[in-house]
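Engineer: Residue numbers for the sequence shown follow numbering that gives the first Met the number 0, so the first one is 0 and each next one is one higher.
The beta-carbon is built from N, C-alpha and C at its ideal position, and this holds for glycine as well.
Bear in mind the structure is a predicted one, so any value in this text is a computation, not a measurement.
Once you've had a glance at the structure underneath, I'll fire off some questions.
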Amino acid sequence: MKGGVLAMSREEIGRVKHYYSKISVAIIELSAPLSVGENITIVGPKTEFAQEVSSMQVEHQNITSAQSGDLVGLKVMEKVREGDRVFRATT
Numbered sequence: 000m001k002g003g004v005l006a007m008s009r010e011e012i013g014r015v016k017h018y019y020s021k022i023s024v025a026i027i028e029l030s031a032p033l034s035v036g037e038n039i040t041i042v043g044p045k046t047e048f049a050q051e052v053s054s055m056q057v058e059h060q061n062i063t064s065a066q067s068g069d070l071v072g073l074k075v076m077e078k079v080r081e082g083d084r085v086f087r088a089t090t
């Protein structure tokens, strides 16, 4: 595992299904609930970064939380790729 930021334990909560590069939005299929304000890490063969969930959308509507099975749009700080895994950072 790289870097000190990512050394904490993590729980997988979803996978990237699509990435819109022009607007830096990842579509993520959740396998666990997620709320605005939580910290996530996105990991893949060419991806690894952590960020706070600042906003989430479903069908172009802002939401504050989503459940397992939902497809959500998240603004991301770096490029992600289909199949990248999304983790909730836990202490």
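1) Could you tell me which residues DSSP pairs with Met55 in its beta bridges?
2) Which partner residues of Gly43 appear in the DSSP bridge assignment?
3) By DSSP, does Gly82 sit in helix, in strand, or in coil?
4) Is the beta carbon of Ser54 less than 8 Å from the beta carbon of Lys74?
5) Could you round the C-beta distance between Arg84 and Arg14 to whole angstroms and report it? I think they count as a contact, below 8 Å.
Structural biologist: This is what the structure holds:
1) As a working mapping, residue 55 is identified with position 56 in the sequence shown. According to DSSP, which records beta bridges pairwise, Met55 is partnered with Ile62, Leu73.
2) For the purposes of this step, residue 43 is taken as residue 44 along the sequence shown, with counting starting at 1. Its beta-bridge partners are Thr46.
3) Locating residue 82 in the sequence shown gives position 83, where the first residue counts as 1. Gly82 falls in the coil class under three-state DSSP.
4) Stepping through the sequence shown from its first residue, residue 54 is reached at position 55. Stepping through the sequence shown from its first residue, residue 74 is reached at position 75. Cβ distance < 8 Å, so Ser54 and Lys74 count as in contact.
5) For the purposes of this step, residue 84 is identified with residue 85 of the sequence shown, where counting begins at 1. For the purposes of this step, residue 14 is identified with residue 15 of the sequence shown, where counting begins at 1. Arg84 to Arg14, Cβ: 6 Å. Contact.
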